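Residue numbers (my numbering): 1463 to 1585.
Idealized CB from N, CA, C, for every residue including glycine.
All of these numbers come straight from a predicted model, not from anything done at the bench.
Worksheet: the structure to be examined is printed underneath.
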Amino acid sequence: NDTQTYTIDTTAPNAPVLDPINATDPVSGTAEAGSTVTVSFPDGTTATVVAGTDGSWSVPNPGNLVDGDTVTATATDPAGNTSLPGTGTVSADITPPVVVLDDVLTNDSTPALTGTVNDPTAT
């Protein structure tokens, strides 16, 4: 008689950790490497992605998230074990960017103005 030993994975992965979420950027985080991450949005839609070898994952932002919304994510390992949900709360950045103009005194009717803004996406 030959004896064989099998190992059965019945341990669920840890809950995914969600990075800070805003209203527009992709939703991302970390989970068990190779696990399938299912992200659930407040409107009932879901997005699924496989976590990379370093555990990182990212899904597109649906674009309809508002301040205070809750987003959840679960991880399912290759053996089919599903984690408890990880959660994140949307923090919409509603603070307008700060614009600073340099003091300019000129008699030129078409002066060139220079300054800085604290929002790299501002145009």
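Tell me where the beta strand (DSSP E) around residue i begins and ends.
i: S1502; result: T1498 to S1502
i: V1512; result: T1508 to V1512
i: T1538; result: T1532 to T1538
i: V1489; result: V1489 to T1492
With DSSP collapsed to three states, give me the class of residue i.
i: V1560; result: coil
i: V1528; result: coil
i: I1483; result: strand
How close, in whole Å, do the beta carbons of residue i and residue j come, if the pair is a contact with beta carbons under 8 Å?
i: V1501; j: V1528; result: V1501 to V1528, Cβ: 17 Å. No contact.
Kindly indicate which residue of the options has the alpha-carbon position closest to the one of residue i.
i: A1493; options: L1480, T1486, T1578 and V1552; result: L1480
i: V1511; options: F1503, P1504, S1520 and I1483; result: S1520
i: A1537; options: V1499, N1523, D1570 and V1561; result: V1499
Are the CB atoms of residue j and residue i within a distance shorter than 8 Å?
i: A1477; j: G1548; result: yes
i: A1513; j: S1497; result: yes
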